[in-house]
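Anchor point for the sequence shown: position 104 equals 104 in full-length UniProt numbering, and the numbering is continuous, going up by one each time. So the structure is just underneath, and the comments pick up after that.
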Amino acid sequence: MTVRLLSIAAQVTAAAAAVSAAMLLAGVGVLVVLHVCTVGKAFRRWSTAASARDRRGGPSHGLSPDRLKRLPCYAFGAGRDGTLDCAVCLESFRGGDRCRLLPACGHSFHAQCVDPWLLTAPVCPICRRRADGRSPGTAPPNGPTHQAHVRLDVDRVS
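So, in structure tokens, the structure goes:
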């Protein structure tokens, strides 16, 4: 009888171990499937965004280098040290600094600070107005380009 009980106990233990192993494998399988679905969804979202970006003409919607060159630059006045700050680098303008004026909003920045921004985003870093003064979605003029003359009064630039 003892041998029979031991045999039954061994069979029950083996069955419990088999059921535990099967449940463990099923749980791991469910986790793998969930991970693959999550990663696949993220990859599809990234792939869709990348292809939409390619259709729009690349990762940048900023100003072209030609349009950037058309924005007015000036040398900051020598007698005005420390009265205005560049909102990009947070340093004060110093006499002789090369600054860029955004004519649509009147904000000024160090040219070396704002130029990389404008090449990736065509808007003012402060107020988000278009830096080139065009309305969003409008095409550049097809006719000959003209130069605008800008008079800069440093006392009123913000």
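Backbone N, C-alpha and C define an ideal beta-carbon position, used for all residues, glycine too.
| query | result |
| --- | --- |
| Buried versus exposed call for Ala9 [16 or more other C-beta atoms within 10 Å across all chains shown] | exposed |
| Boundaries (first-last residue) of the beta strand (DSSP E) holding Arg70 | Taken as a continuous stretch (DSSP letters only), Arg70 belongs to no beta strand (DSSP E), being part of the alpha helix (DSSP H) at Pro65 to Arg70. |
| Val88 in three-state terms, based on DSSP | coil |
| C-beta atoms of Ser92 and Arg100 nearer than 8 Å | no |
| Own chain, CB closer than 7 Å to Ala15, minus 5 neighbours either side, in chain order | none |
| Helix, strand or coil at Cys73 [DSSP, three-state] | strand |
| C-beta contact flag for Val88 and Val123 at 8 Å | no |
| Secondary structure of Arg100, DSSP reduced to three states | strand |
| Three-state class that DSSP yields for Ser35 in the structure shown | Sequence check: residue 35 is His here, not Ser. Of the three classes helix, strand and coil, the one that applies to His35 here is helix, per DSSP. |
| Residue 159, DSSP secondary structure in three states | Residue 159 lies beyond the residue range present for the chain, which begins at 1 and ends at 158; the question has no answer from this structure. |
| Bridge-paired residues (DSSP) for Val123 | Arg130 |
| Within 8 Å, strictly: CB atoms of residue 169 and Arg129 | Residue 169 falls outside the range modelled here, since the chain spans only 1 to 158, and no answer is possible. |
| Contact belief for Ala131 with Leu71 at Cβ below 8 Å, rounded distance in angstroms | 7 Å |
| For Phe43, three-class secondary structure by DSSP | helix |
| Rounded separation between Ala111 and Arg98 - CA only | 6 Å |
| For Pro103 and Gly133, believed in contact at Cβ under 8 Å, the rounded distance | 6 Å |
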